[in-house]
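A.B. asks: Questions regarding the structure given below will be posed in turn.
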Amino acid sequence: QKEVEQDPGPLSVPEGAIVSLNCTYSNSAFQYFMWYRQYSRKGPELLMYTYSSGNKEDGRFTAQVDKSSKYISLFIRDSQPSDSATYLCASLSGSARQLTFGSGTQLTVLP
Amino acid sequence: GAVVSQHPSRVICKSGTSVKIECRSLDFQATTMFWYRQFPKQSLMLMATSNEGSKATYEQGVEKDKFLINHASLTLSTLTVTSAHPEDSSFYICSARPDRNEQFFGPGTRLTVL
Chain A
143 QKEVEQDPGP LSVPEGAIVS LNCTYSNSAF QYFMWYRQYS RKGPELLMYT
193 YSSGNKEDGR FTAQVDKSSK YISLFIRDSQ PSDSATYLCA SLSGSARQLT
243 FGSGTQLTVL P
Chain B
37 GAVVSQHPSR VICKSGTSVK IECRSLDFQA TTMFWYRQFP KQSLMLMATS
87 NEGSKATYEQ GVEKDKFLIN HASLTLSTLT VTSAHPEDSS FYICSARPDR
137 NEQFFGPGTR LTVL
């Protein structure tokens, strides 16, 4: 079992839809949670960074962490075609030096 | 802030040659830098972790004599693919971590070995 599981998709939604991207993790030591967006042939771009449980909002993006169920979510409101990319969740424990990535979800927002 | 650059962005070389890829943190000092490899439609595969001034730590299955990593300063790490072969063709991405837990990635280098 991978430490971070992510549905690879692909996921297609119409423009304006609310997108929900999810990951589960198994390592109870994970404390830091990140979402990266990766466009084709580009490096990942850090979108959201959260510590422990709770919500964090940044514009159209909301990251949610539920440590009791080991569930990580990213919500995108009013999705745009420019949001079409692969989204990677990642986790880190306090003592670890390396991120543990999910496999990525490929999202397409159709105009 | 937190910009990481990579150079070159794309390189095509002949089999048997060596290729050097540079990774720079432009506006912060990175005590730790990471090198990843990514195949099409796959997630990132960590190759090695490098700390400034010390030897890199390689992941299992990564040949340290083939993928030479030098982290000479707090803003520069280099990856040299020695005696490259077509199977080394891939997308190589570096990342850098300031003295906190966020990690920032470079734009990647596409290596094609003919």
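Here the protein sequences line up with chains A and B, keeping their order. Letter by letter, the first sequence follows residues 143 to 253 of this note's numbering. Letter by letter, the second sequence follows residues 37 to 150 of this note's numbering. Note that CB positions come from ideal geometry on N, CA and C, so glycine has one too.
To which residues of the same chain is T242/A closer than 6 angstroms at the C-beta, ignoring the five residues directly before and after it?
C.D. replies: Taking the first residue of the first sequence as 1, we reach residue 242/A at position 100. The answer, listed in chain order, is E145, V146, S233.
A.B. asks: Taking 8 angstroms as the threshold (beta carbon to beta carbon), is N106/B in contact with chain A?
C.D. replies: Taking the first residue of the second sequence as 1, we reach residue 106/B at position 70. So no, N106/B is outside the interface.
A.B. asks: If the cut-off is 8 angstroms on Cβ atoms, which residues from the region 57-74 of chain B count as contacting chain A, listed in chain order?
C.D. replies: T68, F70
A.B. asks: For E145/A, is the beta carbon positioned less than 7 angstroms from some heavy atom of the ligand GDP?
C.D. replies: This structure lacks the ligand GDP, and indeed carries no ligand of any kind.
A.B. asks: Any idea what DSSP makes of D208/A, helix, strand or coil?
C.D. replies: Walking along the first sequence from the start, residue 208/A turns up at place 66. DSSP places D208/A in strand when its eight states are reduced to three.
A.B. asks: Using a Cβ-Cβ distance cut-off of 8 angstroms, determine whether E88/B contacts chain D.
C.D. replies: Looking for chain D here will not work: the only protein chains present are A and B.
A.B. asks: Check whether the Cβ of F217/A lies closer than 8 angstroms to any Cβ atom in chain B.
C.D. replies: In the first sequence, residue 217/A corresponds to position 75, counting from 1. False, the Cβ-Cβ gap to chain B never drops below 8 angstroms.
A.B. asks: On the CB-based measure, 16 or more other CB atoms within 10 Å of its CB, does L249/A come out buried or exposed?
C.D. replies: Counting from one through the first sequence, the residue named residue 249/A turns up at place 107. So L249/A counts as buried.
A.B. asks: Taking the alpha-carbon of S41/B as reference, which of S125/B, S61/B, L110/B, Q65/B has the nearest alpha-carbon?
C.D. replies: Here residue 41/B refers to the residue found at position 5 when the second sequence is read from its first residue. Considering only alpha carbons, the answer is S61/B.
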